[in-house]
Amino acid sequence: MIHSMTGYGKSVLQLPNKKITIEIKSLNSKNLDLNARMPSIYREKELSLRKLIANTLERGKIDFSIYVEITGEETTTQVNKTVIKQYIKQLKDIVDGDETELLKMAVRFPDALNTERDDIDEDEWQAILNEINVALNNIDIYRLDEGKALEADFRIRLKNIETLLEQVIAMDPERIEGVRERLRKGVEELKEKVDENRFEQELVFYIEKFDITEEKVRLKNHLDYFNAALSSDDSNGKKLGFIGQEIGREINTIGSKSNYAPMQKLVVQMKDELEKIKEQLLNVL
1 MIHSMTGYGK SVLQLPNKKI TIEIKSLNSK NLDLNARMPS IYREKELSLR
51 KLIANTLERG KIDFSIYVEI TGEETTTQVN KTVIKQYIKQ LKDIVDGDET
101 ELLKMAVRFP DALNTERDDI DEDEWQAILN EINVALNNID IYRLDEGKAL
151 EADFRIRLKN IETLLEQVIA MDPERIEGVR ERLRKGVEEL KEKVDENRFE
201 QELVFYIEKF DITEEKVRLK NHLDYFNAAL SSDDSNGKKL GFIGQEIGRE
251 INTIGSKSNY APMQKLVVQM KDELEKIKEQ LLNVL
């Protein structure tokens, strides 16, 4: 079952004094491109988080965010009373001003406020980690749903190419006969007598260069292989991309060998369907 690289996952943890929101967004990318945003207190956990996200999401341009909203009375910023009192005392020596005005000035000076960095509470972190796993599960479900939509579209496109291939196969005898008639007519217009046996030998040799039997067989096999890969347990966008390249190679060869306008129109339609597949393959994990 294929997964899309596009996804979104969110989880919210409500603690007694804070609300923590975890968000994960992902878009398509050839490799893993992870951008993590979180409060500085959790930075020591970043490496382990990156490993967890990489193992779960594998590939894509991923934005991971932890937002903290203080809802209680807890704060890590404290007034440095001793320093402020010293500032006010020094200010009084300079100017005889109102205590309130001097206090307003003092709190703006360096070291008037202390911001303490708390250590991570392991119980709190374990609760956060559980919510991160919930968000990862949510984005995985999102990616799977998007993958199902992509798979349905791929199967429609593959079926369209297969239908066009059947028309090419049905048209092939008519094409070969058309090539034969054009050659014979060209010889007749030369008004020259030719050895019929030699002409037939040359005709067979010439027509063999336009034979597309192998291409038709290989194209059908590649289409079947792509369908089978869509049903596999793993999601491998790169593998599907390689198969898509092989499908394109056979379609192009049929087009170059066809030498027949009605068949070339069918080839153009097959190329159009394949281009739509290739565009969507960029989103497959």
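full-length UniProt numbering numbers the first residue of the sequence shown as 1 and each following residue consecutively.
Cβ atoms here follow ideal geometry from the backbone N, Cα and C, with glycine treated the same way.
All figures in this text were calculated on a predicted structure; none of them were measured in a lab.
By Cβ distance, which residues of its chain are closer than 8 angstroms to residue i, with the 5 residues on each side in sequence left out?
i, result
"aspartate 33", "Gly60, Lys61 and Ile62"
"aspartate 111", "Asn80 and Val83"
"glutamate 99", "Ile88"
"serine 26", "Met5, Thr6, Gly7, Tyr8, Leu57, Gly60, Lys61, Ile62, Asp63, Ile139 and Arg143"
"asparagine 31", "Arg59"
"aspartate 233", "Met1"
"asparagine 227", "Arg155 and Leu158"
So residue i is in the beta strand (DSSP E); what residue range does that whole segment cover?
i, result
"valine 70", "Reading off the sequence shown, one finds isoleucine at residue 70, where the question assumed valine. Isoleucine 70 -> beta strand (DSSP E) spans 60-70."
"alanine 36", "32-37"
"valine 284", "Where valine 284 is concerned, there is no enclosing beta strand (DSSP E), given that its DSSP letter is neither H nor E."
"threonine 21", "18-27"
"serine 11", "7-14"
Can you name, in chain order, every residue of its own chain whose Cβ lies under 6 angstroms from the Cβ of residue i, other than the five neighbours on each side?
i, result
"isoleucine 132", "Ile22"
"tyrosine 87", "Ala106 and Phe109"
"leucine 102", "Ile88 and Leu91"
"glutamate 250", "Glu215, Arg218 and Leu219"
"serine 258", "Gln264"
Since residue i contacts residue j with CB under 8 angstroms, what's their CB separation in whole angstroms?
i, j, result
"leucine 230", "glutamate 58", "Not a contact, Cβ separation roughly 18 angstroms."
"leucine 219", "leucine 165", "6 angstroms"
"leucine 183", "glycine 241", "About 41 angstroms separates the two Cβ atoms, so there is no contact after all."
"methionine 263", "arginine 175", "6 angstroms"
"glutamate 44", "alanine 36", "In fact, because the Cβ distance is near 13 angstroms, the residues do not count as touching under 8 angstroms."
"leucine 266", "valine 204", "The Cβ separation is near 25 angstroms, so there is no contact."
"glutamate 279", "threonine 253", "That pair is no contact at about 22 angstroms."
Give a yes or no on whether the C-beta atoms belonging to residue i and residue j are separated by under 8 angstroms.
i, j, result
"glycine 7", "tyrosine 225", "no"
"asparagine 283", "serine 4", "yes"
"isoleucine 277", "glycine 255", "no"
"threonine 56", "leucine 144", "no"
"isoleucine 24", "glycine 147", "no"
"isoleucine 66", "isoleucine 20", "yes"
"isoleucine 156", "isoleucine 41", "no"
For residue i, which residues in the same chain have their Cβ closer than 7 angstroms to its Cβ, ignoring the five residues on either side in sequence?
i, result
"leucine 223", "Leu158, Ile161, Glu162 and Ile247"
"valine 134", "Ser11"
"methionine 171", "Pro262 and Met263"
"residue 304", "For residue 304 there is no data in the structure shown, the boundaries of the chain being 1 and 285."
"arginine 50", "Leu34 and Ala36"
"leucine 150", "Ile2, Ser4, Gln280, Asn283 and Val284"
In terms of residue numbering, what span does the alpha helix (DSSP H) encompassing residue i cover?
i, result
"glycine 255", "237-258"
"threonine 100", "99-106"
"isoleucine 53", "46-57"
"isoleucine 88", "81-94"
"glutamate 216", "The sequence given here has lysine at residue 216, not glutamate. Residues 213-230."
Sorry if obvious, but does the Cβ on residue i come closer than 7 angstroms to a heavy atom of the ligand GDP?
i, result
"valine 284", "By its list of ligands, the structure shown contains no ligand whatsoever, and the ligand GDP lies outside what it can speak to."
| Any contact of the region 205-223 with the region 176-185, i.e. 3+ C-beta pairs under 8 angstroms? | Result yes; three or more Cβ-Cβ pairs closer than 8 angstroms.
| request: Would you be able to state if there are at least three C-beta pairs under 8 angstroms between the region 123-139 and the region 92-109? | output: With a cut-off of 8 angstroms, the region 123-139 and the region 92-109 do not count as touching, because too few Cβ pairs lie within range.
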